[in-house]
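Before any comments, here is the structure.
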Amino acid sequence: MNAEERVSNNSLQRQISALSTRLDQVAADVSEIKIMLKDIEARVRKLETYEAGAHPLMENKIDAAWRKLEEHDRRIDNLTNIVAKLDQSNRLMAWLGGILGSTVLIWLVTQILGVVK
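Reminder that position 111 of the sequence shown reads as 106 in our numbering, one-by-one numbering, no gaps.
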């Protein structure tokens, strides 16, 4: 039995040794995973910090763009009103020009007829 105990002791010793090697490998893998998780956490923290700073900046730019659009809308409305007024003035001037032209033409005809008599 002494020989069997030694065989089983050697066998147990090898199994313990193999198990110890596996545990060392698992510990190394766990350490590597911890390092990776810390790196990922650092990246996420950096992205959150960047995003937190960028969000108000984006809102300010969008607000500024909306203010510009509203100002441009007001200017376009003003220009539309001015064009409408100028169109009315142009029609009035064309009408007055037609009347004045007709008057001058009638005057010339009367002058020519006055010379002919």
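In this text, a Cβ means the ideal position worked out from N, Cα and C, and glycines have one as well.
All values derive from a computational prediction rather than experimental measurement.
Can you give the Cα-Cα distance for ALA59 and LEU52, rounded to whole angstroms? 11 Å
Using the Cα positions of ARG86 and ARG69, report the straight-line distance between them to the nearest angstrom. 26 Å
Contact set for MET(-4): own chain, Cβ-Cβ below 6 Å, skip 5 residues either direction: At MET(-4), the pLDDT of 48 sits below 50, so the modelled position is not reliable; the number obtained from the coordinates is stated separately. Once the five neighbours on either side are set aside, MET(-4) has no close Cβ partner at all.
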